[in-house]
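Protein chains in written order, with our numbering: chain A, 10 to 275; chain B, 10 to 275; chain C, 25 to 280; chain D, 89 to 459; chain E, 655 to 947. For reference, the structure discussed in these notes is given below.
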Amino acid sequence: MTAVSIRNVSKVFNQGKPNQVDALSNVALEVKQGEFVSLIGPSGCGKSTLLRLVANLLEPTSGEVVVNGKSAAQARLDQDYGMAFQQAGLFDWRTVRKNIELPLELKGWDKSKRSARADEMLQLVQLPEFGDHYPWQLSGGMQQRIAIARALAAHPPLLLMDEPFGALDEMTREYMQGELLRICAATGTTVVFVTHSIPEAVYLSNRVVVMSPRPGRITKVVDVSLGGERSEDTRNRTAFFEAITAVREGLRGMHAAHVGLGNDDR
Amino acid sequence: MTAVSIRNVSKVFNQGKPNQVDALSNVALEVKQGEFVSLIGPSGCGKSTLLRLVANLLEPTSGEVVVNGKSAAQARLDQDYGMAFQQAGLFDWRTVRKNIELPLELKGWDKSKRSARADEMLQLVQLPEFGDHYPWQLSGGMQQRIAIARALAAHPPLLLMDEPFGALDEMTREYMQGELLRICAATGTTVVFVTHSIPEAVYLSNRVVVMSPRPGRITKVVDVSLGGERSEDTRNRTAFFEAITAVREGLRGMHAAHVGLGNDDR
Amino acid sequence: MNRITTNVGKVLPALVFGVAFLGFWEWAVKFFELKPYFLTAPSSIWEQFTGNFSLIRGAATVSGTNALVGLVAGTVLGVAMSFVLSRFGFLNQLITPLAIALNAIPIFVLVAVLNNMYSITSEIPRRIMVTLVVYFIVLVNVARGLTQVSPTHVELMRSYAASDVAILRKVRIPNAVPFLFTALKIAAPAAVITAFVSEYFGGSQNGLGSRISSNIANSKNAAAWAYVLAACLLGLLFYTVSVVMENLNRKGWVRQ
Amino acid sequence: GGSDEAADEVTEDTTESTEAPAAETCTTPTPVKLQLQWFIQAQFAGYFAAQDQGFYADQCLDVTIVEGGVDIVPQTELANGNVDFAISWVSKALASREAGANIVNIAQVFQRSGTLQVSFKDKNITKPEDFKGKKIGNWGFGNEFEIFAALTKAGLDPAKDVTLVQQQFDMVGLLSGDIDAAEAMTYNEYAQVLEAINPATGALYTADDFNVVSYEEAGVGMLQDAIWASGERLASDAAYADTAVKFVAASLQGWAYCRDNVEACRDIVLAKGSKLGASHQLWQMNEVNKLIWPAANGVGFIDQAAWDRTAQLSLETKNLEGGTVLTKAPDAEAYTNDIVTKALDILAGLGVDTSGSAYAPIEVTLNEGGN
Amino acid sequence: MTNVVRRAAQRTVMFVAALALVAVVWETYKAVGPEDGGTVLGVRILPRTSEYAMPHVWDMFSRFSRPEVRGSERTVLDAVTAGAWYSFRLSVAGFALGALVGVALAVLMARFKVVQRGVLPYLVVSQTVPLIALAPLVVSWGGRVEIGAFVWPRWLSASVLGAFLAFFPIAVGTLRGLAAAPAASVELMQSYAASWTKTLFKLRFPTAVPYMVPAFRLGASASVIGVVVAEISTGLKGGIGRLIIEYAREATGDPAKVYTAIFGAAALGLVMAGAVVAVDVIVMRNRPKEAVS
Ligand SMILES: Nc1ncnc2c1ncn2[C@@H]1O[C@H](COP(=O)(O)OP(=O)(O)OP(=O)(O)O)[C@@H](O)[C@H]1O
Ligand SMILES: Nc1ncnc2c1ncn2[C@@H]1O[C@H](COP(=O)(O)OP(=O)(O)OP(=O)(O)O)[C@@H](O)[C@H]1O
Ligand SMILES: [Mg+2]
Ligand SMILES: [Mg+2]
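Pasting the structure below:
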């Protein structure tokens, strides 16, 4: 079954004005149920925009986005997804714990259930003792981990994550990657993931989508066949290195010519 | 000559309150003129705090910070440094160009000179056509590049950078690394640099300082002897890999025990 | 073309609402046969308004001038004071309670005191009064706008060793601008009402306030409301100007 | 000395009146609300005396006296049905009547106008003609008609020939020289001036320091405090008409009491919570008495000639808008002497002197600040 | 907690110092200023110093201890305190009513653009309708409006007029605050498919606080003014407004006395504003402080 289906979508900002930006042009992508897809590409190529379109936070200028067989708008209303933004975007006036509980409150969970889940999440992101701090008392990386905890708290069937691990140190990052994969495998969660790290994209994903900017387009899709379980070992397998090279080439080529190479291998 | 001298500095937040945090404890570090020093460590270990102490945006709870032979406060007043924050912190009501010109305005540069430098900086961060956009019209990575441009604009003798390349894609990141090294070499700029990427730290630095959290301390200082010039080649040299391993070990060991190993090898 | 239709769309609800309200009023007066001493019909107010237009314009000029002078003086003073206060904390603690206290004294009581200090025939007390009211509104809002700035921005400026004046100019003022316009929107009608409430209980009988009060006392309600109408128009004019200024300022950087 | 004798009379009055209710037994007194035009002061002493001395109770009335405020228009309160009776000046009330308020004058308590225009001697303002080019104070709120009438009569245009200045609650404008001539009631503001210290002498100002233009003497006096009732209810509600008679009777009885017991009435007013001082209230009581007594046709009786003069002045006097107070002559229903006549009959039955032909004012010495 | 107490104490001391300063300035000016004021180009700019214009500070304060009327037990201070307390209760009622209406209007206007466009101009207009034109109307509700067991008390008219002045700054300030939520946070709430109401309570109100606080402060002052004016204009007894005008009538003979009531009104306003500030401190205690400077 298809979790996300992006059909020939284009997005133009400030249409008709002098500062018009063609953020996305004719993007098509299908994400299967339970699949982990990463988006990678130079900054400004429209990754965040694409994620926003799937989340129905933006309307496409043309084309259509279908999520779980319904329109993106319906999927949003049904809260079919959880989202982690590029900026942590925590609420200053809520404690860390209350920030994590926010989506649960909105789902109408009762207090004890919320509190239990928040504890679980704080444990997951390794910040159990910071529940009663306020966001501005945390370091940048800690804030980002709280934002991830918030996105995961409700166990949504679809996760949209925009550079969630950007501000994390390598150790924490690897730990979080492992946890994310574990959770997704256990719950069958579909993930669309934006990252700048090629190894991260390859390690996590079933497919890596390479994008190019101005206008934002998909230039290459790399299938990663590393099998189900990942472990520390995975990072040393040939398939891993091959995929990395494939993605890197996709990015390089583009960087060299700046215009896509047209090697859209889907 | 010593550019930065951190003498037995400790920093406690919310002292005496239930949510007291020992952010830094007994940190000592000397940075020589023209040296490039990276700080690395798990999130929350006090890197940003240490940078803020050097920038005199925070006062140490105990200990002393000397910058260019004067007190940190005096150095700030003399504008001896430029700083790039973890959050881009651009001003919504200023165009990108005006954001870059801000420190120059404050130094009293005249309009044409400011404008010329802003153009130069926009070129440097590869966003020449976005000068008249407003920050919220840019992608996350673009915003961060503007923040870097702003920090570099006045060519300060000391640069304090807090994960400046965090939101950049690999290509742009490598390009920016190169540019940063080029500028620093040309102007003899001293840099204190916070990063989560071990290769980045090693590639850029003369020394990598490894920190551990709760309380934040320096656990290891790795000297990188890669000589003056760096190039693509550098990344393939043994010294490079050795340094990476040394840093990684410093971080791992700490991660394992979580309590510092005391291998402060200065 | 498009601009024109959207602008029409903006004022249309107000027009519809206004016309409906007036229609209802007129109808209610006719239907319930309300006597003029109780409530006059909009039509007779309008009759009085057009009939006495030159008198009304004269009175509106007097009160309007007082309001305008006070509005400008109060805004300037309020902005200046909030700068000073945001800069010197102890002055803030010294002056803010005084401003609040002064502001809690009803307008005409203060005007009475000022009338005795200056002269009952002078317009100065009324202008001072408007100035005080506007000043307070501007001060309270702008002071908040000057202090509620992003900590990152302040840190950035401090890293530039920016002087307090520079932080004020580059961070605090831009941040306070929306607060200033909020203040102006509140202050514009307040200036008008203060200008003519200051006329109620003393002073030259040449402005809207004294005309309203004496006409009401004489049961000439239609005439009184014709002056009230002038007051409303004056207030609306001031308000509209402040909204237009705000929109001009916001053009560009505000996210839609 | 005269007041002592008067006090004796009062005791007689009360003993007589206590016999009255025996005639018709009063089980539940009729509630009545009276709206004053201003704060509690001796200007309204008669009503407070009637309340205090039980004259209302004798008539089986339970009277609530509602104080005025600056924006309270008594005749409007009456027309709106908030109160049963109201005290108002005739010209103001007629203007309301023309605007549709169906109110009727049922007793003209003040027979004369008490309005003055007071100025310092050196301004040389002795008659309305002298107002030309001067800053003329007035209170606004409809209290300025006599000034306009005097100006009109003197051939002056209120909008052009004088500068009209609204006075505050005090007379400071006059004393500081901002106003050339200030409007003053004989019984109130004039006294305030005489209670103030003259900085030149260190003693109180005296009547010699001032020139006074009396509008009554200038021939433009308008009828002032009168009791107004609802025309509609008088016509349709016999009980209300009956209550009106009783109310007027008891009120006038109160006024007769105050004529004879000036100091007692001062104390009643003070006890009701007036903030103005004792000597001021005594002065006021005395001056008010002068406006009421002697009453040739009986107190409260509406004199056709005075009424017509007031109506005529209201028709002719131009206000600041250039309009006149009234646009057409008041209809015949605007006042009635029926009620006051019946009331006077009741009082005659009680032996109350309703004409005060022997009335003589007392001498009052004002103290600083009216204390 | 002790910190809060210390700050409050410090503020009080500062306020007393400020008052003392004003008194000194007042007396100094009275001593050196021109008796008849100073004129510049024929316009009197400097106030007069006569006893009527500027009574001595000690004269004003000495009035507090005098009996209100001769021979009465009650001092002026008692009267002013009682009046201020009475007006305070009316003001609180007016403020509460005004805040309720103001916030409700702001929410409606924030929710429906049409309402904002249709109603906001008339809210502005409403503020320019002088109380004098409304007071008699509102007062006439007293004793006449009966809803079930509820009979409209006379004092409520005064509170309603207070609310009439208070609601406007509150509505405008709150409206602006509700619109100030950062776009990123709005997006987050959208991604939760949070209803408008949920977004209102979880996001918009918290971000509106910095805008609402000054608005409420203005509203508190406005409510006091409205109540005091209403007392004067409707003849309602018992409050500070009534005292002001009664003492003002004595100003010809005793210019210092009216200041006692004026001070009472000022104190009333201070208490109201102080309460708002206290709430502000509590509500904002966990927000990021501006970088220490
Ligand atoms: N203003 C503050 N109030 C209270 N605690 C603070 C404050 N700022 C920082 N801290 C605490 O100090 C510690 C160090 O924070 P810091 O921001 O220096 O970490 P960091 O090393 O920069 O982490 P990251 O890599 O995640 O940015 C953290 O535990 C944080 O919670
Ligand atoms: N609200 C907006 N108005 C105008 N232009 C916008 C807006 N949002 C994004 N853009 C433009 O759309 C383009 C794509 O932006 P987007 O944020 O999707 O990039 P991205 O791939 O996420 O980049 P990064 O890796 O730096 O986050 C950029 O050129 C940006 O300037
Ligand atoms: Mg992005
Ligand atoms: Mg940090």
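Positions of the beta carbon are idealized from the N, C-alpha and C atoms, including for glycine.
How many Å lie between residue i and residue j at the Cα?
{"i": "N35 (chain B)", "j": "F45 (chain B)", "result": "22 angstroms"}
{"i": "S238 (chain C)", "j": "G226 (chain C)", "result": "12 angstroms"}
{"i": "G816 (chain E)", "j": "P117 (chain D)", "result": "37 angstroms"}
{"i": "F233 (chain D)", "j": "E304 (chain D)", "result": "13 angstroms"}
{"i": "D159 (chain D)", "j": "I315 (chain D)", "result": "19 angstroms"}
{"i": "T115 (chain D)", "j": "Q147 (chain D)", "result": "11 angstroms"}
{"i": "C54 (chain B)", "j": "T198 (chain B)", "result": "26 angstroms"}
{"i": "Y90 (chain B)", "j": "S214 (chain B)", "result": "18 angstroms"}
{"i": "I213 (chain D)", "j": "N299 (chain D)", "result": "7 angstroms"}
{"i": "E73 (chain B)", "j": "V18 (chain B)", "result": "6 angstroms"}
{"i": "C346 (chain D)", "j": "S339 (chain D)", "result": "11 angstroms"}
Once the 5 residues before and after residue i are set aside, which same chain residues still bring their CB inside 7 angstroms of it?
{"i": "L59 (chain A)", "result": "L33, V36 and L48"}
{"i": "G88 (chain C)", "result": "L258"}
Is any non-hydrogen atom of ligand 2 found closer than 6 angstroms to the C-beta of residue i, if you look at the structure I gave you?
{"i": "L147 (chain B)", "result": "yes"}
{"i": "S877 (chain E)", "result": "no"}
{"i": "S80 (chain B)", "result": "no"}
{"i": "G150 (chain B)", "result": "yes"}
{"i": "V30 (chain A)", "result": "yes"}
Sorry if obvious, but does the Cβ on residue i come closer than 6 angstroms to a heavy atom of ligand 4?
{"i": "V221 (chain B)", "result": "Going by the sequence as given, residue 221 (chain B) is Ser instead of Val. S221 (chain B): no, Cβ never under 6 angstroms from ligand 4."}
{"i": "S206 (chain B)", "result": "no"}
{"i": "Q83 (chain B)", "result": "no"}
{"i": "V95 (chain B)", "result": "Reading off the sequence shown, one finds Gln at residue 95 (chain B), where the question assumed Val. Yes, ligand 4 has a heavy atom inside 6 angstroms of this Cβ."}
Can residue i be considered in contact with ligand 1, in the sense that its beta carbon sits closer than 6 angstroms to one or more heavy atoms?
{"i": "K56 (chain B)", "result": "yes"}
{"i": "V63 (chain B)", "result": "no"}
Can you tell me whether DSSP reads residue i as helix, strand or coil?
{"i": "Q205 (chain D)", "result": "strand"}
{"i": "I191 (chain D)", "result": "strand"}
{"i": "E904 (chain E)", "result": "coil"}
{"i": "E258 (chain B)", "result": "helix"}
{"i": "A910 (chain E)", "result": "coil"}
{"i": "G271 (chain B)", "result": "Because the pLDDT at G271 (chain B) is just 35, under 50, the model does not fix this residue reliably, and the value given afterwards should be weighed accordingly. Coil."}
{"i": "E97 (chain D)", "result": "The pLDDT assigned to E97 (chain D) is 38, lower than 50, so where the model puts this residue is not dependable; a value taken from the coordinates is nonetheless given after this. In this structure, E97 (chain D) counts as helix in the three-state DSSP scheme."}
{"i": "A185 (chain C)", "result": "coil"}
{"i": "T251 (chain D)", "result": "strand"}
{"i": "R702 (chain E)", "result": "coil"}
Considering only residues of the same chain and omitting the five flanking positions on each side of residue i, which have a CB-CB separation below 6 angstroms?
{"i": "A248 (chain C)", "result": "I236, N239 and I240"}
{"i": "E217 (chain D)", "result": "A242"}
{"i": "K244 (chain C)", "result": "none"}
Residue i: beta carbon under 6 angstroms from a heavy atom of ligand 6?
{"i": "S52 (chain A)", "result": "Ligand 6 is not part of the structure shown, which contains ligand 1, ligand 2, ligand 3 and ligand 4 as its ligands."}
Should the stretch 230-245 of chain D be regarded as contacting the stretch 110-127 of chain C, the criterion being three or more beta carbon pairs within less than 8 angstroms?
no
Stretch-stretch touch, CB-based, cutoff 8 angstroms, three pairs: the stretch 890-906 of chain E with the stretch 914-928 of chain E:
yes
Under 8 angstroms, with one C-beta from each stretch per pair, do the stretch 98-115 of chain C and the stretch 167-181 of chain C reach the 3-pair mark?
yes
Inter-stretch contact (C-beta, 8 angstroms, three-pair minimum) for the stretch 124-136 of chain B and the stretch 200-207 of chain B
no
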